[in-house]
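Report on the following structure.
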Amino acid sequence: MASSFIENLSSEFQKANNAYAPKAAKPKVLVYVEGHDDVAFWHYILSPYQAEIGVKFDIQPFTQGLEQGKPALTKLFPQTGAYLLVCVDSDYDYLLPDHSETAKTINTNPYILQTYAHSIENLKCYAPSLAHACVKATQNTSELINLPDWLATYSEQVFWLFIWNLYLHNLHAHNDFTQTQFCDTIRLTETPSSTNYGGALATVKHRAEEKQQALEKDHPKHAPELVAFAEQLAKRGLTPETAYLFIQGHTLYNEVVLPLLIPICRALQDERRDKIKQQAQHEQEKRQKDGNYRNSTLNIHAVLNHHYEFEDCFLYEKIRADAEAALRATK
1 MASSFIENLS
11 SEFQKANNAY
21 APKAAKPKVL
31 VYVEGHDDVA
41 FWHYILSPYQ
51 AEIGVKFDIQ
61 PFTQGLEQGK
71 PALTKLFPQT
81 GAYLLVCVDS
91 DYDYLLPDHS
101 ETAKTINTNP
111 YILQTYAHSI
121 ENLKCYAPSL
131 AHACVKATQN
141 TSELINLPDW
151 LATYSEQVFW
161 LFIWNLYLHN
171 LHAHNDFTQT
181 QFCDTIRLTE
191 TPSSTNYGGA
201 LATVKHRAEE
211 KQQALEKDHP
221 KHAPELVAFA
231 EQLAKRGLTP
241 ETAYLFIQGH
251 TLYNEVVLPL
261 LIPICRALQD
271 ERRDKIKQQA
281 QHEQEKRQKD
291 GNYRNSTLNI
301 HAVLNHHYEF
311 EDCFLYEKIR
321 ADAEAALRAT
331 K
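Mapped onto UniProt numbering, the consecutive letters of the sequence shown carry residue numbers 1 to 331.
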C-alpha cells in the first residue's frame, strides 16, 4: 500500500465517506485485523453490536506490501477512531504494558482492540469449553479426563518458567531466554495416550523445572525479584492456573491442546463405534449405522479452528467492554 493511501485511511476520512452514502445505508466502520484467520473471530466479537448501534463492520486483514500482521497494523494506529478500528493479538503487550511504545499505544488507545490473551488461539482453547469441542467432533458425551483440571495442572507446571520468560523479556534481555526456547520447553514431546494422559504432563514438569534451575543459577540476582514481579502480573489475571491463556498461542494450540485432544477424540469415536457394533443385530445394520456415525463426526482441528465458546472467560469481559467503549462515539 502506498503511504498516501495510509494517510487517507483514517477514521475521519471514513466518517466523511459515510456522509455521502445513501440515506438507507448504515454507517460503515472499517476494522483491520492481523490476518485472514482473525476475521471470523473479530466478527464474532463485534457483530452483536451492528443492530444495536446501527452500523456495518467491514472487517479485513491489513497488509502493506510484503509486511503484514501486527507490524503492518502499527502503521494505522495514529489513524484510528470511531470509524476505523484496529484489532490485534496482545502477545505480551497486555502483560507488559510499558515494555515498548507499541505496548503503550495498544493499552491506551481506545480504538485498538486486543485479545488480552496472547492470541485468539488461546481463547479458542479456553479450558471449560474443550469438552464441548470434543462432543462436537465425536458426538460422544463421555468425558475421559477432566480437561480444565488437566490444563490447570499444565499451567501450574510452566508458570514460574513463564514468569522468567516475561521477566527477562521486560528487561530486554530476550536472548538470555528467548520465547522460542520457552516454547520448546513447554510443548508436549510425547503424545498423551488414552490410558495415561498425565504422562505428558510429567515430562513437561521435569523439563520446566530443569530449565528454571538453570535460569536461577545463571541469574542469581534476579531470582528474588520474581515473586514481586509475579504479584504484579497477577493483578492482570496471570496466575498459576491461567498461565495457558497468556503463553504463545500457536504453541498452546498446536503443541499442547491438539496433541491432547486428538487421542481423546479418537478414543471417544472408537468407544461409540464399538457400541454400535455391539448393538447391531446383523452386518448390514452395523455398516449402515457405523457409516451414519462417521458422517456425523468432525475433525477436532476443524472444530477448534472455529471454536468461540469463551464468553465466561474473564478476558472476554474486557474485550467486550473495550468494544462497547470504542463504538460509543458512533451512536
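Beta carbons: idealized from backbone N, C-alpha and C, even for Gly. None of these values were measured; they are calculated from a predicted model.
> Under three-state DSSP, which class holds Lys104?
Replying inline: Within the sequence shown, numbered from 1, the residue matching residue 104 stands at position 104. Here Lys104 sits in helix by DSSP.
>> If you measure between the beta carbons of Ala127 and Leu151, is that distance less than 7 Å?
In response: As a working mapping, residue 127 is identified with position 127 in the sequence shown. As a working mapping, residue 151 is identified with position 151 in the sequence shown. Yes, Cβ-Cβ distance for Ala127 and Leu151 is below 7 Å.
>> So, for His36: in the same chain, excluding its five sequence neighbours on each side, which residues have a beta-carbon less than 6 Å away from its beta-carbon?
In response: Looking up residue 36 in the sequence shown gives position 36. Pro61, listed in sequence order.
>> Gln269 and Thr138 - do their beta-carbons sit closer together than 7 Å?
In response: For the purposes of this step, residue 138 is taken as residue 138 along the sequence shown, with counting starting at 1. For the purposes of this step, residue 269 is taken as residue 269 along the sequence shown, with counting starting at 1. Cβ atoms of Thr138 and Gln269: closer than 7 Å.
> When you compare only the Cα positions, how much space is there between Thr191 and Ile300?
Replying inline: Position 191 of the sequence shown, counting from 1, holds the residue named residue 191. Position 300 of the sequence shown, counting from 1, holds the residue named residue 300. Roughly 16 Å between the two C-alpha positions.
>> Tell me the DSSP secondary structure of Ser11 in three-state form.
In response: Translated into the one-based positions of the sequence shown, residue 11 becomes position 11. Helix, per DSSP.
> Would you say Asn196 and Phe177 are within 7 Å of each other, going by their C-beta atoms?
Replying inline: Position 196 of the sequence shown, counted from the start, is the residue given in the question as residue 196. Position 177 of the sequence shown, counted from the start, is the residue given in the question as residue 177. Going by C-beta atoms, Asn196 is not nearer than 7 Å to Phe177.
>> Can you give me the C-alpha to C-alpha distance between Tyr308 and Ala40, rounded to a whole angstrom?
In response: Along the sequence shown, one-based indexing puts residue 308 at 308. Along the sequence shown, one-based indexing puts residue 40 at 40. Whole-angstrom Cα-Cα distance: 10 Å.
> Would a C-beta distance cut-off of 7 Å place Leu201 and Thr153 closer than the cut-off?
Replying inline: For the purposes of this step, residue 201 is identified with residue 201 of the sequence shown, where counting begins at 1. For the purposes of this step, residue 153 is identified with residue 153 of the sequence shown, where counting begins at 1. Yes, the Cβ-Cβ distance between Leu201 and Thr153 is below 7 Å.
> According to DSSP, is Asp89 helix, strand or coil?
Replying inline: Within the sequence shown, numbered from 1, the residue matching residue 89 stands at position 89. In this structure, Asp89 counts as coil in the three-state DSSP scheme.
> With contact counted as at least three CB pairs below 8 Å, one residue from each stretch, are the stretch 113-124 and the stretch 313-331 in contact?
Replying inline: yes
>> For the beta strand (DSSP E) containing Gln212, name the first residue and the last one.
In response: Counting from 1 along the sequence shown, the entry for residue 212 is found at position 212. Looking at the DSSP string, Gln212 is not in any beta strand (DSSP E); the run it does join, the alpha helix (DSSP H), is 199-218.
>> For the ligand ATP, is there any heavy atom lying closer than 6 Å to the beta carbon of Leu233?
In response: This structure lacks the ligand ATP; in fact it carries no ligand of any kind.
>> Once DSSP output is grouped into helix, strand and coil, what is the label at Lys56?
In response: Residue numbering aside, residue 56 sits at position 56 when the sequence shown is read from its first letter. Looking at Lys56 - three-state DSSP - the assignment turns out to be strand.
> Looking only at DSSP bridge pairs, what is Tyr83 linked to?
Replying inline: Taking the sequence shown and counting its residues from 1, one reaches residue 83 at position 83. Answer by DSSP bridge pairing: none, since Tyr83 is not bridged.
> Should the stretch 155-171 be regarded as contacting the stretch 229-241, the criterion being three or more beta carbon pairs within less than 8 Å?
Replying inline: yes
> Rounded to a whole number of angstroms, what is the C-alpha to C-alpha distance between Glu101 and Ala19?
Replying inline: For the purposes of this step, residue 101 is taken as the residue at position 101 of the sequence shown. For the purposes of this step, residue 19 is taken as the residue at position 19 of the sequence shown. Cα to Cα, the separation comes out at about 34 Å.
> Which class does Tyr126 belong to by DSSP, given the choice of helix, strand or coil?
Replying inline: As a working mapping, residue 126 is identified with position 126 in the sequence shown. Of the three classes helix, strand and coil, the one that applies to Tyr126 here is coil, per DSSP.
>> Can you list, in chain order, the residues of its chain with a C-beta nearer than 7 Å to that of Leu273? Leave out the 5 residues immediately preceding and following it.
In response: Residue mapping note: residue 273 aligns to position 273 of the sequence shown, counting from 1. A small fix is needed here, since residue 273 is Arg in this sequence, not Leu. Once the five neighbours on either side are set aside, the close Cβ partners of Arg273 are Asp290, Tyr293.
>> Judging by CA-CA distance, which residue of Leu304, Asp322, Phe229, Lys286 is the nearest neighbour of Leu95?
In response: If you number the sequence shown from 1, residue 95 lands on position 95. Checked all of Leu304, Asp322, Phe229, Lys286; the closest Cα to Leu95 is Phe229.
> Do the stretch 80-97 and the stretch 25-34 make contact, defined as three or more Cβ pairs closer than 8 Å?
Replying inline: yes
>> Under DSSP, the beta strand (DSSP E) around Tyr308 begins and ends at which residues?
In response: Within the sequence shown, the letter at position 308 stands for residue 308. Taken as a continuous stretch (DSSP letters only), Tyr308 belongs to no beta strand (DSSP E), as it is neither H nor E.
> Would you say Ala208 and Leu161 are within 7 Å of each other, going by their C-beta atoms?
Replying inline: Working through the sequence shown from its first residue, we reach residue 208 at position 208. Working through the sequence shown from its first residue, we reach residue 161 at position 161. Yes, they are a contact pair.
> Ordered along the chain, which non-local residues of its own chain (more than five positions away) have a Cβ less than 7 Å from that of Ala2?
Replying inline: As a working mapping, residue 2 is identified with position 2 in the sequence shown. In this predicted model, Ala2 has a pLDDT of only 48, less than 50, meaning its place in the structure is not dependable; the value taken from the coordinates is given anyway. For Ala2, where only same-chain residues beyond five positions count, there are no Cβ hits under 7 Å.
> I think Ala133 touches Leu304, with their Cβ atoms under 8 Å apart; what is that distance to the nearest whole Å?
Replying inline: One-based indexing of the sequence shown puts residue 133 at position 133. One-based indexing of the sequence shown puts residue 304 at position 304. Their Cβ separation, rounded to whole angstroms, is 6 Å, which keeps Ala133 and Leu304 in contact under 8 Å.
>> Can you tell me whether Ser155 is buried or exposed? The criterion is at least 16 other CB atoms within 10 Å of its CB, across all chains shown.
In response: Start at 1 with the first residue of the sequence shown, and residue 155 comes out as number 155. Buried: at least 16 other Cβ atoms inside 10 Å.
> Looking at the structure shown, is Thr153 part of a helix, part of a strand, or coil, going by DSSP?
Replying inline: Here residue 153 corresponds to residue number 153 of the sequence shown, with the count starting at 1. In the structure shown, Thr153 sits in a helix (DSSP, three-state: H, G or I).
>> In this structure, how does DSSP classify Leu161 when only helix, strand and coil are distinguished?
In response: Locating residue 161 in the sequence shown gives position 161, where the first residue counts as 1. Three-state DSSP puts Leu161 in a helix.
>> I need the DSSP call for Pro61, collapsed to helix, strand or coil.
In response: If you number the sequence shown from 1, residue 61 lands on position 61. Residue state, collapsed to three classes: strand.
>> Buried or exposed for Asp218, going by 16 or more other Cβ atoms inside 10 Å?
In response: Numbered from 1 along the sequence shown, position 218 holds the residue referred to as residue 218. It counts as exposed.
> Near Leu260, what residues of its chain come up, given a Cβ to Cβ distance below 6 Å and the 5 sequence neighbours on each side ignored?
Replying inline: Numbered from 1 along the sequence shown, position 260 holds the residue referred to as residue 260. Closer than 6 Å at the Cβ level, and outside the excluded window around Leu260, lie Pro192.
> Near Asp98, which residues of its chain fall below 7 Å by C-beta distance, leaving aside the five closest residues on each side in sequence?
Replying inline: Residue numbering aside, residue 98 sits at position 98 when the sequence shown is read from its first letter. Result list for Asp98: Lys104, in chain order.
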